[in-house]
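Below: one structure, written as structure tokens.
There are 4 protein chains.
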Amino acid sequence: MSERNIRVEPIDRQAVEDQEVEIVERKGIGHPDSICDGVAESVAGALAREYIDRVGEALHFNTDETQLVAGEAAPAFGGGEVVDPIYLLIVGRATKRYDGQTIPAETIALRAAREYLEETIPQLEFGEEIVVDVKLGEGSGDLQEVFGEDGEGSDADGPVGVPMANDTSFGVGHAPLTETERIVHDAESRLNGEFAAENPYLGPDVKIMGKREGDEIDVTVAAAMIDEYIADLDAYAEAVESVREFVAEVASEHTDRDVDVHVNTADDYEDGSIYLTVTGTSAEQGDDGSVGRGNRANGLITPNRSMSMEATSGKNPVNHIGKIYNLLSTEIAEAVVSEVDGIRDLRVRLLSQIGRPIDQPHVADVHVVTVDGVDLADVEDEIEAIVDRELADVTGITRRVIDGELSTF
Amino acid sequence: MSERNIRVEPIDRQAVEDQEVEIVERKGIGHPDSICDGVAESVAGALAREYIDRVGEALHFNTDETQLVAGEAAPAFGGGEVVDPIYLLIVGRATKRYDGQTIPAETIALRAAREYLEETIPQLEFGEEIVVDVKLGEGSGDLQEVFGEDGEGSDADGPVGVPMANDTSFGVGHAPLTETERIVHDAESRLNGEFAAENPYLGPDVKIMGKREGDEIDVTVAAAMIDEYIADLDAYAEAVESVREFVAEVASEHTDRDVDVHVNTADDYEDGSIYLTVTGTSAEQGDDGSVGRGNRANGLITPNRSMSMEATSGKNPVNHIGKIYNLLSTEIAEAVVSEVDGIRDLRVRLLSQIGRPIDQPHVADVHVVTVDGVDLADVEDEIEAIVDRELADVTGITRRVIDGELSTF
Amino acid sequence: MSERNIRVEPIDRQAVEDQEVEIVERKGIGHPDSICDGVAESVAGALAREYIDRVGEALHFNTDETQLVAGEAAPAFGGGEVVDPIYLLIVGRATKRYDGQTIPAETIALRAAREYLEETIPQLEFGEEIVVDVKLGEGSGDLQEVFGEDGEGSDADGPVGVPMANDTSFGVGHAPLTETERIVHDAESRLNGEFAAENPYLGPDVKIMGKREGDEIDVTVAAAMIDEYIADLDAYAEAVESVREFVAEVASEHTDRDVDVHVNTADDYEDGSIYLTVTGTSAEQGDDGSVGRGNRANGLITPNRSMSMEATSGKNPVNHIGKIYNLLSTEIAEAVVSEVDGIRDLRVRLLSQIGRPIDQPHVADVHVVTVDGVDLADVEDEIEAIVDRELADVTGITRRVIDGELSTF
Amino acid sequence: MSERNIRVEPIDRQAVEDQEVEIVERKGIGHPDSICDGVAESVAGALAREYIDRVGEALHFNTDETQLVAGEAAPAFGGGEVVDPIYLLIVGRATKRYDGQTIPAETIALRAAREYLEETIPQLEFGEEIVVDVKLGEGSGDLQEVFGEDGEGSDADGPVGVPMANDTSFGVGHAPLTETERIVHDAESRLNGEFAAENPYLGPDVKIMGKREGDEIDVTVAAAMIDEYIADLDAYAEAVESVREFVAEVASEHTDRDVDVHVNTADDYEDGSIYLTVTGTSAEQGDDGSVGRGNRANGLITPNRSMSMEATSGKNPVNHIGKIYNLLSTEIAEAVVSEVDGIRDLRVRLLSQIGRPIDQPHVADVHVVTVDGVDLADVEDEIEAIVDRELADVTGITRRVIDGELSTF
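Chains as they are written, first to last, in my numbering: chain X, 22 to 430; chain G, 22 to 430; chain R, 22 to 430; chain P, 22 to 430.
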């Protein structure tokens, strides 16, 4: 056994699936907060890849602060227009000079943002309906050293190649997802995937809230419709109904409980107050956004579970411990659940200590609810071994984030 | 009894005080995230008061998105300088025209920010070391109506004067605070209060993390020292030691457990790498900030407890339900604990439903851990009555926020 | 004869062509100041056309204040990169609400700027190497009225349809151009036209200064070369030589005087200090720009002649009298010279009076140098008739500006 | 005699004082364009002094591009308010790192702007009614060398200590001022001096246009009144009349010609359309501004005279030849006129050559109109000697600019 400080314990609560009331939320990729998360993370990935290409390693950066200032729009059946453009400010730190080279960090950031926006919110005309600006300063003096020569652990402290934690921080992960969680997550993904592909009237700003009381699940969807593809109020009503049916169908794949789906409940057809947009995102009309205000690293907001306040998106995946531990703890939780039988609910928490190698957390505690008939003692060693193995491979998280394989929001 | 949907249940976990590991964090008022929270909230308060003065009611606004872009500084013993100014962008929505009047929302916002910054971070020269800019758009079409004629509940739905919820959202509050929580919160408050008053070398950017394992508490303080008042490395070391002693003293007032206090542990005196600043905040050197990324509404970050992702600061206190319910649930929790004997831990959650009067949450659930020898049944009615009473007075929260009596971070 | 206050007088100086020393300058379309002029004017044209399309008339606007903040670049033979993007801020006034309609003035402005930049400086990647932002306020209270109901002359004051002057201002025009002026103007146009079409290494930032002392003309060209098309220093030297030969050839078409052409004289090949750029404009590297700082309305800077300080580009062509009179006086001067024989040099000045119909200037004075053997008295009436005719058609200037047929810089 | 290329010749026109029509304009210190000139110049002075203090010489900088975006105001008798703040962006180049030192160029710039604005437009609340932002890049690669080791002339080229010209540029100066010019200049200075000191209702945004036709002079004043000090329309009318009387009195000190003074002629009392402001500048309400768009280096706009397009304000006074030669040529003209009798009008033009010591212009030509009875030949040598002497002392201009002793607008 390694000397990692791993603890496996019973959790002191019911499995979330068994709690009486459960609330789950997901902000879709076109929600203003998610736009900021997505831009921040795509900028981070682009910077990391470019640094590695140019100098062989990911230099210091941290771009976890994108601010979106909403625009103003005048949607209209058949196609309206953005009246005042959205303003998006990419904020952060990046290394711009290294070893005699200049690195065009701001140009890289702008390009990444542009490509991300054009792919994610295609209806939004870059540079006309959204202005993207950037302010990347040089890094913080205090923390830069951790990235420098001391950025890699010495033999005494751990294996060469494992960076030191840059902060005292923690991450938390959960598995398995509850039915309600899976419904909420899957519905958004598939609405923005297969559904939108066939029904271009659906914009990417889809916000879903799931609420379960006992065995009754309410799924409330706020879906921004794109005016160009909606001819009139009847068409709008049909679009809303299609979304409702689709989400109900998705839900039925995940649960046998009763599910009620509500779409755009704030609409008032008589007042002509409906959720119609030009671009498919409420950022066009008064909804500001910023990084870290929406989904947690597992794509959900889950008040029934411990959540980290950490804004994962945009952070440097090499040594930003809050980011790494949030992603890693989720990976660990999923690995345990898929490999070990008899687990009903599981929470992994990783707490770092500034200056220690990141594969050696200050504490890794795993809290478990077993299914009836399974004793924690029966699976404890197995769990610990998986945690140990995953911690040893912590740098794999970094690699996959850089390659854009892991979602952070 | 009212018809409010109040549930009182046992909590399905141990009291946090009794859990094996506990982590608590507080970002002091000078931390970049807290600066944003504070500016956003002071802007909101100023707007609300000005609206009431001018038109008799708090018009639509929401200023919960302040972005801070860090500067660059060159601190030096005896006094260095800010090399690149901090940039702070106040973002949000506000009503600028009402009933034939123009309301100078941006001027009001700038003034509030200026006054707040000058009071909170006096070492920071406004307009020279920090540039404050503002972008306040007009409100979102979708939600403005809730503020309009329909903004007050009809007789059928509830008492006149109670606004409707503007969103489906929830708030969560806890009481009593654990020893570790009290130590962390109190240490920051008193460092920035009585200690700083006597020791001007301590900047307002104090970040405190408390960790308890069993009966051992570690308190780690990162305290920005102000260079003007630190003559040399010896003076710095003395300052650090004074902070350590002060915090140890504060801790001893809250606990009999063993407490270890660590201050500025990342310092390396040989490298000359210490936490010295010109202005007393790390915002001067590479640490960006934004609203809602730091402390929750009760002033703490508590991974052992349910937390709301809601950015409370800057939101409109009249009908922004996420703000109101986070503050109210904390108030309720504190009221219950102070009035009812035998409660060891208590969590209050309030879930709104969009369009319903805010004094009638969709559900108000109270989870309780009683002390040994007390049965929940014994106190259930008493608790419910307090919850009911506090909900009935929900608009009191609004009033106190507007008057600046409640802290949001 | 009309009652317009037209005066034709002898000029109290020699024809510029006959003066001993003459200096002429033209900043090419890719010069930072010209970029600002061009963006401002294209925004103005787009707004005017859009207003006319939507509401039938050009509403109030004035976009004559574009500010360019230079970037930083790292050019390299074969292709370098922009390290810090250029920032361009479109500033001005525009009507955003009219008669119940919203008009997306900022979106229109951004689109016009984008299209203009992509056409004029194709090497510059919009949104990556240049950030374009916009701040268009509503109009000035004081002057808006002139555009309102009183915007058209009443019967008493002049023909319906002729706007009132919005200011006391003046315009000045000259004809014919001297040889040196024609060389400078033509060389830039053709370098950025036929030459660049065949030689993609030449960027649009071409600045030409012509100096004539007696019969010796020196033409000094600063030509930004585009690194992607320049393989090495030899290629650069060849490019410079090609430009020199081309300009010498152009010059020989306009004069029999001796002409010396100098290209990129500040180069120092040994130091490796040459005029190599990534994008073809010095805006990429430290040269800021703004509207009205470069060429006058006739495309030249001519210290030997009276010049108006007026920033013509970006102004509203309907009633901005400084713009109209600068363009019109040039038109008049050219018309007179092309229709009347015997004129060696001619200057037209138009002075407006605020509140008067713009076809009735306070004074229109024409100063003439006739060729030997021609008496001013012989041509005076003819000149006056042309001036009168052109003034009567003043709104034709407006129309042609809106249609993009007249250059303003 | 020196080897400077000085030419003294008769001017080929009448003295301006003797021309039939003369137009003169001055934008007062509170005009939006002048605000930009003033801020740019005060920033330049502060940078130059700070560089000299810190490193012994004025490092590279150029801050000649300030952009003002107008605000929106709601003036009211007795005191209104600024509704949308003015935005002012300081743009330019500055050295931020030199010889291991960091130099807080942006902080210096912001401080200089603040102090300048608080002194010049005291009614304007800094940071509330005006947001001042700054973007100072590092210098242009091409030109930085001239400032470097080669920045001082070698023995071969000229006296040690005389910088090389950084550009091919020219300056032009005139003397003596005509009566109309003196009236316009003096009236603005004294309105903003002694008059405003006694009559706080007069704002600093005073714009004066003088027009002389033969012996009739019209002086048109647009004077921004400050609402706090104007109780009602009667008080406004009185204020206007006081300004009129004061200007008439000033005029009478400079001329025996007939003078008509008009103040705020665009007012329409019946419509309530008057020139009332909150802050004393039209920048509060729709009038944008930028550097170099207003007064020339001698404080006037004089279409009857040659003018340089050069934006003098904000440029580096050490080697920015356009700035130096505009100021120097004016100094020379004034020196000649004060020392030599018999000159009715005189124009000095200085043309630089890039790379040559600035005390050796490519050509310095002086065009003179003598009074009746004086022959140019009689004074030619005297004039040339003065020009030679003043050129030799060219660095005195730099020194006086740095010390803030010379006005640039």
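Positions of the beta carbon are idealized from the N, C-alpha and C atoms, including for glycine.
So residue i contacts chain R; which residues on that side make the cut at Cβ distance below 8 Å?
i, result
"residue 241 of chain P", "189"
"residue 44 of chain P", "191 and 372"
According to DSSP, residue i sits in a beta bridge with which residue or residues?
i, result
"residue 111 of chain X", "X:87 and X:155"
"residue 40 of chain G", "Answer is none; residue 40 of chain G lacks a bridge partner."
"residue 311 of chain G", "G:88"
"residue 378 of chain G", "G:185"
"residue 48 of chain R", "R:228"
"residue 282 of chain X", "X:240"
"residue 82 of chain X", "X:115"
Under 8 Å Cβ-Cβ, which residues of chain X neighbour residue i?
i, result
"residue 106 of chain R", "127, 128, 131 and 155"
"residue 93 of chain G", "158 and 159"
"residue 322 of chain G", "330"
Taking residue i as part of the alpha helix (DSSP H), name the residues at either end of that continuous run.
i, result
"residue 117 of chain G", "Counting along the chain, residue 117 of chain G falls outside any alpha helix (DSSP H), and DSSP gives it neither H nor E."
"residue 138 of chain G", "126-141"
"residue 239 of chain R", "Segment 237-247 is the beta strand (DSSP E) holding residue 239 of chain R; no alpha helix (DSSP H) there."
"residue 344 of chain X", "342-360"
"residue 295 of chain R", "From DSSP, residue 295 of chain R is part of no alpha helix (DSSP H); its letter is neither H nor E."
"residue 267 of chain X", "254-273"
Let's see if you can read the secondary structure: which residues bound the beta strand (DSSP E) around residue i?
i, result
"residue 31 of chain P", "27-31"
"residue 388 of chain P", "384-391"
"residue 229 of chain G", "223-234"
My assumption, with CB atoms under 8 Å, is that residue i sits in contact with residue j. Please give the rounded CB distance.
i, j, result
"residue 192 of chain X", "residue 347 of chain X", "4 Å"
"residue 391 of chain R", "residue 384 of chain R", "About 22 Å; that fails the 8 Å criterion."
"residue 131 of chain G", "residue 155 of chain G", "6 Å"
"residue 27 of chain X", "residue 409 of chain X", "6 Å"
"residue 272 of chain X", "residue 229 of chain X", "With a Cβ gap of about 10 Å, residue 272 of chain X and residue 229 of chain X do not count as contacting."
"residue 213 of chain X", "residue 263 of chain X", "In fact, because the Cβ distance is near 14 Å, the residues do not count as touching under 8 Å."
"residue 128 of chain X", "residue 106 of chain R", "6 Å"
"residue 304 of chain G", "residue 53 of chain G", "4 Å"
Interface residues of chain X around residue i at Cβ under 7 Å?
i, result
"residue 34 of chain G", "33 and 34"
At 9 Å on the CB atoms, spell out the chain X contacts of residue i, in chain order.
i, result
"residue 375 of chain G", "241, 286 and 287"
Report the neighbours of residue i on chain G: residues whose CB is nearer than 7 Å to its CB, in chain order.
i, result
"residue 150 of chain P", "128"
"residue 25 of chain X", "Near residue 25 of chain X there are no residues of chain G at all, since even the closest Cβ is about 15 Å away, more than 7 Å."
Could you tell me which chain G residues have their CB closer than 8 Å to the CB of residue i, listed as they occur along the chain?
i, result
"residue 102 of chain P", "125 and 128"
At 8 Å on the CB atoms, spell out the chain P contacts of residue i, in chain order.
i, result
"residue 40 of chain R", "33"
For a contact defined as C-beta to C-beta under 7 Å, what are the partners of residue i on chain P?
i, result
"residue 327 of chain R", "324"
For this session: Give, in chain order, every residue of the segment 296-315 of chain X whose Cβ lies closer than 9 Å to some Cβ of chain C.
Result: Considering every chain present, this structure includes no chain C. Its protein chains are X, G, R and P.
For this session: Using a Cβ-Cβ cut-off of less than 7 Å, list which residues of the segment 65-87 of chain G approach chain P; keep chain order.
Result: None of the residues of the segment 65-87 of chain G has a beta carbon lying less than 7 Å from any beta carbon of chain P.
Problem set entry | Contact set between the segment 204-237 of chain X and chain R, restricted to residues whose Cβ is under 8 Å from the partner | Using a CB distance below 8 Å, no part of the segment 204-237 of chain X faces chain R.
Exercise. If you measure beta-carbon to beta-carbon, which residues of the segment 112-124 of chain X are closer than 8 Å to chain G?
Worked result: Those would be 112, 113 and 114, in chain order.
Exercise. Along the segment 135-150 of chain G, what residues have a CB closer than 7 Å to any CB found in chain P?
Worked result: Listed in sequence order: 135, 147, 148, 149 and 150.
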